[in-house]
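Contents: one structure, followed by commentary.
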Amino acid sequence: MAPDTVSLRYFLVLAQELNFTRAAARIGIAQPALSARMRRLEAELGTALLVRNTRSVVLTTAGAALAESAPPALAALDRAWDTARSAAAGELGTVRIGYSLSAGAETAPALVDRLIRGNSGLEVGAVPMATPEISPAVADGRIDAGITRGEQPGRGVRRFLLRRMRVGVQLAQHHPLAEYPEIEIADAAAYPLRLPDRAANPVIHDQLSGLFRDTRPHPRFHTPAVSFDMSQRDLRDGVTLAPAGEAAVTAAPAGLTWRPLRGAPSLTIHLVLPREQSPLHRRIRAVAKTLAHELHWLPD
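If you want it as C-alpha cells, here you go:
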C-alpha cells in the first residue's frame, strides 16, 4: 500500500532541510510528531530513508530515490484531485446545447461564449434545432441543455426564464411606420404580417398572432417559404411587417429596422435543463443566471 501523502510531503521538506528542527518549524508541527511520521513512513516502505545522529540527517539510497521521484508523483496526484473537483463543480466535460434558430442571433452565442471563456475545461458544442424537438432531446439526454423561445411544453425537463424581450415588428427603413418610435398594434395590423410557421414553434406563433386577435379588420398573415431567411427579402418591399422580439435589432440586415409595439406583452426565452441535474447542468444554470443579470435580460 502506498504511504499517505501527508507523510510523503513531510519527508520532502525534511529531505530539503536535512534537519528535524528546521523541517518541523517549516511544516508547523512539533519535532517529535515529525520523527514519529518518518518512522511510520519507513515502516510502511520497509526500508530506512534517513540516517540520523545527534548532528546530522543524511538520506539513504532509498531516501534519495524517493526524494527525486515523489515530487512529480505528488504533482500528478494534485492534478487528479483538481480534475475530480472540477468535474464535481461542473467545470469539466462536454456540453451539447440545442437552440432554436431564432435564438441564434444573440442569445445562444452569448451563452456559449460565456461558457467557453469562463470554464476552460468545458468543450461546448451548439446546434440549431427545430423548437419542438429541443425539450424532448434534453429529456432523453441527446443534448445537455436547450434554448427556446417561449415556455415550450415537454416532460422530464425544467425551464428557467433566461430572457424577457419587448415585442415589436421588423420593417423596411422606408416603411411609413418606421418614422414612429413605437407602433400601435392596430396600425401594424393594417399591413401584411409575416409569422413563423406554426409547426416550427406553436407557442410563439400563437402568441404573436394573438396580439392582433381583437383588431378589425383581421390582418393578413403569411408564412415565408424559407424559414429564418437572414436577408428578410419579403420585408424589403416596404409593405410587409414581421412581428419579432427586440433581439431582431442586432440581427437586422441593412435596410431594415425594428420598432416596439405599444402595449404588447413580452416574449420570453427559456433555458431548458433535465429535471435531474448533474454538476455540469448546475454549472450551465449558474453561468446563464449570471449572464442574464449582467446583460439585463431580465427585469430586476
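Residue numbering for the sequence shown follows the UniProt record's numbering, starting at 1 and increasing by one per position.
Glycine included, C-beta positions come from ideal geometry on N, C-alpha and C.
Model, not experiment: these values are computed from the prediction.
Looking only at its chain, what residues have a beta carbon closer than 7 Å to the beta carbon of residue 248, apart from the 5 residues adjacent to it on each side? For the purposes of this step, residue 248 is identified with residue 248 of the sequence shown, where counting begins at 1. Cβ within range, chain order: 170, 258.
Residue 181 lies in the alpha helix (DSSP H); which residues open and close that run? Mapped onto the sequence shown, residue 181 falls at position 181. Where residue 181 is concerned, there is no enclosing alpha helix (DSSP H), given that its DSSP letter is neither H nor E.
Determine the direct distance from the alpha carbon of residue 287 to that of residue 116, and round the result to whole angstroms. The residue labelled residue 116 in the question sits at position 116 within the sequence shown. The residue labelled residue 287 in the question sits at position 287 within the sequence shown. Spanning the two alpha carbons is a distance of roughly 10 Å.
Is the number of C-beta pairs between the region 262-276 and the region 135-145 that are closer than 8 Å three or more? The region 262-276, when compared against the region 135-145, does touch it at the 8 Å Cβ threshold.
Proximal residues to residue 63 (C-beta, below 6 Å), its chain only, five neighbours per side dropped: Here the question's residue 63 lines up with position 63 in the sequence shown. Listed in chain order, the non-local C-beta contacts of residue 63 below 6 Å within the same chain comprise 49, 50, local neighbours out to five positions each way being set aside.
With DSSP run on the structure shown, which of helix, strand or coil describes residue 99? Along the sequence shown, read from residue 1 onward, the residue named residue 99 stands at position 99. If DSSP states are grouped into helix, strand and coil, residue 99 belongs with the strands.
Determine the DSSP secondary structure at residue 147, reduced to helix, strand or coil. Here residue 147 refers to the residue found at position 147 when the sequence shown is read from its first residue. Of the three classes helix, strand and coil, the one that applies to residue 147 here is strand, per DSSP.
Would you say the region 56-75 touches the region 110-128, given that touching needs at least three Cβ pairs under 8 Å? Judged by Cβ distances under 8 Å, the region 56-75 makes no contact with the region 110-128, as fewer than three pairs qualify.
Alpha carbon to alpha carbon, how far is residue 79 from residue 103? Give it in angstroms, no decimals. Translated into positions along the sequence shown, residue 103 becomes position 103. Translated into positions along the sequence shown, residue 79 becomes position 79. Looking at the two C-alpha atoms, the distance is approximately 38 Å.
Kindly list the residues whose CB is nearer than 6 Å to the CB of residue 159, restricted to its own chain and excluding five residues on each side of it in sequence; keep chain order. Stepping through the sequence shown from its first residue, residue 159 is reached at position 159. Short of 6 Å from the beta carbon of residue 159, and not among the five residues preceding or following it, lie these beta carbons of its own chain, in chain order: 151, 270, 272.
Buried or exposed: where does residue 69 fall if 16 or more other Cβ atoms within 10 Å of its Cβ makes it buried? As a position in the sequence shown, residue 69 is number 69, starting the count at 1. Answer is exposed; the Cβ neighbour count stays below 16.
Go to residue 112, then tell me how far its alpha helix (DSSP H) extends in each direction, as first and last residue. For the purposes of this step, residue 112 is taken as the residue at position 112 of the sequence shown. Residue 112 -> alpha helix (DSSP H) spans 107-118.
Outcome for residue 297 when other beta-carbon atoms lying within 10 angstroms are tallied against a minimum of 16: The residue labelled residue 297 in the question sits at position 297 within the sequence shown. Looking at its Cβ environment, which holds 16 or more other Cβ atoms inside 10 Å, residue 297 is buried.
Determine the extent of the alpha helix (DSSP H) in which residue 293 is found, giving its start and end residues. By one-based count along the sequence shown, residue 293 stands at place 293. For residue 293, the uninterrupted alpha helix (DSSP H) run begins and ends at 279-294, by DSSP.
Which two residues bound the contiguous alpha helix (DSSP H) that contains residue 239? Translated into positions along the sequence shown, residue 239 becomes position 239. Run containing residue 239: none; DSSP gives neither H nor E here.
Could you check what DSSP says for residue 44 in three-state terms: helix, strand or coil? Within the sequence shown, numbered from 1, the residue matching residue 44 stands at position 44. Three-state DSSP puts residue 44 in a helix.
Selected residue, minimal CA-CA separation from residue 21, among 180, 40, 52: For the purposes of this step, residue 21 is taken as residue 21 along the sequence shown, with counting starting at 1. Taking only the C-alpha atoms, the option nearest residue 21 is 52.
What are the boundary residues of the beta strand (DSSP E) that residue 267 is part of? Reading the sequence shown from its first residue, position 267 is the one you call residue 267. Unbroken beta strand (DSSP E) run through residue 267: 267-274.
Collapsed DSSP secondary structure at residue 205 in the structure displayed: Taking the first residue of the sequence shown as 1, we reach residue 205 at position 205. Here residue 205 sits in helix by DSSP.
Quick one: grab the DSSP three-state call for residue 162. For this step, residue 162 is matched to residue 162 along the sequence shown. Three-state DSSP puts residue 162 in a strand.
Which residue wins for smallest C-alpha separation from residue 277, given the options 105, 138, 38? Taking the first residue of the sequence shown as position 1, residue 277 is located at position 277. Looking at the Cα atoms, 138 is the closest of the given residues.
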